[in-house]
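Counting in our numbering, the sequence shown runs without a single skipped number right up to 1039 at its last residue.
Every residue, glycine too, gets a C-beta built ideally from N, C-alpha and C.
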Amino acid sequence: MCRKGGAMGHTLSRAAQWTSCCKLESTPLNEIIVTQILNYVENFVSRHPQEAEHVFEEPLQWNTTLAKSDFKEDYIISAIGVKSLDKDSEGKPLLQFFPPSVSVRNFNQLSKLLHMAEDRKRREVQACLEENRDLVAKMVGRRLADTPDENVSALELDIRVKLFILLKHIDEKILNKFASEIAKHATLLPSAVEEEVEFLKEYCTEGGKRLLKSVRYTSDYEFPNGCRAPPWRQLLGEICYVVIEPCDAEPLYITCSSTGVYLNAGLDKEEDESLYEKQGDSYEDITTLLKRVSPHFEEYMRKQYFVEQKPRKSIHVAHLDYEIEQAQPKTPEEREWEKVQQALYGRRKREPCHRWRNLGVLNMCSSAEEEDITMSFAERKRLGSKTKSMMKGGITAASSIGLTASQRRRSIVASFSEEHFSESSSESDEEEEQTERRPDTSTELQSEYWQVQKLVKYLKAADQTATVLVLCAMMELDLMKEVIQLAILDLGGLDLLLNLLDTTDIRSKIGSLKILSKISQNVIIRQTIVNMRGLQRMVNNLDLPVKELQALASETIAHVAKFRRARRIVRTHGGIRKLVKLLDCFPYAAKQGEVIQKNLEVARCGASALWSLSKSSKNKEAIRKAGGIPLLGLLLRSPYEEILIPVVGTLQECASQKNYRVAIQNEGMVKDLVKNLSSENEELQMLCASAIFKCAEDKLTRDLVRSHHGLQPLVSLLSKAENKQLLAAATGAIWKCSISMENVAIFQEYKALQALIGLLTDQPEQVLINVVGALGQFAQIQANKSAICNGGGIRALINLLNGTNQALLVNVAKTVGACATERDNVAIIDQLDGVRLVWSLLKNPNAEVQASAAWAICPCIENAKDAGEMVLFLIGGLKLIIHLLKSPSNEVLTSICAVIAKLAKDKEILGVLSDRGVVPLLAKLSNTSDVRLRCHLAEAIGHCCMWGSNRACFGEHGAVGPLVQYLESNDNLLLLNTTMALYQLSKEPNNIITMHEEGVVEPLILLIASGTDEIQEFAAGCVRNIRLLVLANQRAVY
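In structure tokens form, the structure reads like this:
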């Protein structure tokens, strides 16, 4: 029963082994399946970011081994469970965890969960597979999951269909992996079966020599490995299924497998599992089986009508090498790529790689050349001359690209762009941008390809001296051309170059690294270098005391370490410590001339490698522990721009960590960063501004930038609006520096405000985020609020409220809120429909956007000419306010309580809020320990007491007792709001009883003696109400 449930295609339903309890058995086969699926899920987000965000049709649910403590950032942890901050379009969390059950709704959250599981990943994957038997249907929907393969290409290619195609792709990938493993141990090969079937078909004719009526396969489709059986049956060693109709017997349904030939239960076109079952004995080949079941066939065999034409039994061995060679050009990965292409783009015809088709190099390394391996020298010579004549006639030979071709295709699908500037460094799995390839189609490139082939051939057989000569000849080629780079890769040259790094000959090492440093700029080649363990060899060469060798090895590492796995390999093999040591080889005063140039080059290459490696948070810590910060600070004082760029690049990447920012302050690097803002090199300016942007989170850095006169250069960079990366870095630095009001005053002297307002339109989102953030800081000064409004800034800001970028919306809401503290600006904001747009942000699923919108609404309400009319016009917004009181975010709750405190001042609005149940929701929040939330909650409760029976309702819902505990605080604003709320609540007799039981009198007496005037007044009023109730009770008694 377990096997018949839907699963991830055929892998789980037919290849996996299940127990009677619907659990995966503990077998090597199942372990490989789980491992393959785990690897696929972990890499899915980086390779397919759009599909990873797609929300499943149904959530995947299972009992997890995780605990609430395993969830850190991006999750809201409550007393009963955990919810993700990421939500779908309906506001539902994409991950929910109520121990021990977890519910996941997209690949992004699934990948994060596995990352948190650490060494329990396999257990989590297995539990998910066991409890979600219909994986594909849950992810993309039952209707799409049941779509036949031939109909997939006709579907509209949306995200859901792409996800479905990718799932089918990995399903076939796993099946093909096992099929190839089984094929290694096969005794009967597909080629032998095919030859025998074709032989038997020749005797299905009319006449006296007719042996059989018909011979046919059950499937017309032949896989590249020669099999016709479905992949999940290939796992069992089955090759194909043949239907043979003898002249004297019923049709025979035959299964040909790697272990022999036998009859099945009648398998023809149907997919019933029972039809695959073996019937009877196994035989060596089809001919032997036919002799046993067909007397007519056996009789003609004895008469030897075709003895001389009978296939040799040695065919099984003779084809062994042939099959291996034929399997290399079309690996399972290549076959999968063709199927994905067919499904995604409707391709029906298998074609050569477009790269070589465009070059005209369709077929290289012909099959004749492969056969040349086993030929005599004379035969090879004759064949070589024949091949040359064919080449002159325009005939090209067949190419065996092998695994590297499949790696290239995977890298093309999986490559991602690496952002050069961001607020905080983050590590992604693949950070390469696959550029559009437009190779030259001239015949010159064909000759270059043949030239590379000749050089690689010589390199294989060369001695030490000849190796150096071949490397020199190879360096004469244009190694930056993609056709040459890929030719070196496809023809086995890359493997040879990496092997030279293990030799003892320095000249060979240097020659190899000179070539590798250039071709490794190709994303496909650098991934292949990692797969071939090339990084480990380069790290080992850093120890050799040869400056040129160290520089070349470092430079190549810098090119290769562009993705996570490469960076991890360098770190785990001690490469960071060795690279940091290279930074210490550049003296400033001692030596001159050639020696200093070599030292400079070594330091530059080492810094470049560290720059690439510093995109990993673990590598940043490793650089710090290796003593990299002081050395980087020393190199930062260098007058050479070529070394300053990688040094500042490394520092700005590392500045996302607090300990680096402190070190940059303590080492005096801020002065050098400010100094280089005036450089003529725009890349260096951009990197310095980016470093200041990240470091200016700390007040000390902001003060240092001001004291070193760095504010004016930052403003001057705003004029270079055509360089968007530089503009983003400069505006980011201005934003962070303007957090200090002393800096804002200086910025105004250089007319930074007007320049920033001019950048509010037609700019990239990163620039807009920084510009709006800076304007929000400028708006803290009263005079600037009018300047922003009069300069057209309000209109531009309100237009940005229609965007979708979360960080931009947060900054826009904050800036609009800052401007709204001036009454005249509120009228303009309302006239431009800004209040409605800000209010609509409360529907945004992002908690930070919700909070910033709520804070912006507060001054809009407070400074509106008729707040009641404005809010009642947006009556649907009151429902949002009530709903957000259930938010798990304290910041959202705090801001919403502040909004309610403003709204409750209007009696009509307060009545609407009370009818919608604001009182019990506010009372429920009273047990919070968050000081800011307590402050605004007390204010909201105090103002809500002005309506009807709300005072009594607050008491009934348990809000009074916790409020008394707020009086223990030393915060004057909290004490003011709390005493005001207690004063209002004390007008209800039952609340006074609760207050007295909680011991409210003593703290109130202390506040009457020591608080501010307002606090004293509210505290005294509350004590008076308590006293009046006591006197009334005494009169009633006596």
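Round the Cβ separation of residue i and residue j to the nearest angstrom and send it over; I've been treating them as touching at under 8 Å.
i	j	result
Glu766	Asn806	5 Å
Leu167	Glu52	6 Å
Thr979	Ala939	5 Å
Tyr218	Tyr242	7 Å
Lys84	Pro889	7 Å
Leu976	Leu968	7 Å
Taking residue i as the reference, which of the options has the closest Cα?
i	options	result
Ala730	Ile740, Ser741, Leu718	Leu718
Asn1034	Ile993, Ala1021, Ile1009, Lys515	Ile993
Gln778	Ile799, Gly733, Gln764, Asp763	Gly733
Ile240	Pro232, Val839, Cys228	Cys228
Cys129	Asp172, Ile287, Pro60	Pro60
Pro247	Met117, Leu237, Thr219, Arg211	Arg211
Ser741	Pro714, Val716, Arg707, Val56	Arg707
Gln764	Gly261, Ala722, Asn744, Val745	Ala722
Leu914	Val836, Val540, Leu881, Ser888	Leu881
Lys815	Leu894, Leu727, Val839	Val839
Val1	Val83, Val649, Glu91	Past the boundaries of the shown model lies residue 1; the chain is included only from 2 to 1039, so the question cannot be answered.
Thr651	Ile630, Glu823, Ala488, Glu197	Ile630
Ile1	Asp506, Gln127, Ala608	Outside the modelled stretch of the chain, which goes from 2 to 1039, sits residue 1, for which no answer is possible.
Glu643	Asn532, Cys655, Arg605	Arg605
Glu477	Leu487, Leu456, Leu495	Leu456
Asp75	Thr66, Thr65, Gln97	Gln97
Asp544	Val603, Leu495, Lys563	Val603
Lys279	Pro296, Gly261, Thr288, Lys844	Gly261
Ala146	Lys169, Pro846, Glu483, Asn133	Lys169
Leu201	Asn265, Phe165, Asp286	Asp286
Gly281	Thr289, Asn265, Lys292, Leu291	Asn265
Ala855	Asp825, Asn826, Glu823, Asn891	Asn891
Taking 7 Å as the cut-off, is the C-beta of residue i nearer than that to any heavy atom in the ligand FAD?
i	result
Ser609	Here there are no bound small molecules, and the ligand FAD is not part of this structure.
Expressed to the nearest angstrom, what Euclidean distance is found between the alpha-carbon atoms of residue i and residue j?
i	j	result
Asn971	Met981	16 Å
Arg625	Tyr661	8 Å
Lys866	Ala828	8 Å
Leu363	Asp479	Confidence at Leu363 is low in this model, with a pLDDT of 36, below 50, so the placement of that residue should be treated as unreliable; the coordinate-derived value is given next. Straight-line Cα distance between these residues: approximately 22 Å.
Tyr751	Ile789	16 Å
Asp249	Trp63	58 Å
Arg1028	Ile942	23 Å
Lys24	Ala138	20 Å
Asn744	Leu685	23 Å
Asp704	Ser680	22 Å
Pro149	Ser258	27 Å
Leu583	Ser90	51 Å
Arg534	Arg796	57 Å
Tell me whether the beta-carbon of residue i lies closer than 8 Å to the beta-carbon of residue j.
i	j	result
Met140	Glu58	yes
Ser518	Leu501	no
Leu898	Leu934	For clarity, residue 898 is Cys in the given sequence; the question names Leu instead. The answer is yes: Cβ separation under 8 Å.
Leu712	Ile747	yes
Leu1057	Pro232	Lying before the first or after the last residue shown, residue 1057 is absent from the chain, which here runs from 2 to 1039.
Leu1007	Cys1023	no
Gln537	His574	yes
Arg123	Leu39	yes
Ala610	Ser555	yes
Met117	Asp87	no
Leu701	Gln726	no
Ile862	Leu833	no
Val471	Leu460	yes
Pro94	Thr65	no
Ala753	Val813	no
Lys616	Arg568	yes
Cys859	Lys887	no
Ala627	Val581	yes
Val768	Leu776	no
So, does the CB of residue i fall closer than 8 Å to a CB anywhere in chain B?
i	result
Gln51	As a matter of chain content, chain B is missing from the structure shown, which is built from one protein chain.
Cβ contact check for the stretch 954-968 and the stretch 983-997: 3 or more pairs under 8 Å: Because the criterion of three Cβ pairs below 8 Å is met, the stretch 954-968 and the stretch 983-997 touch.
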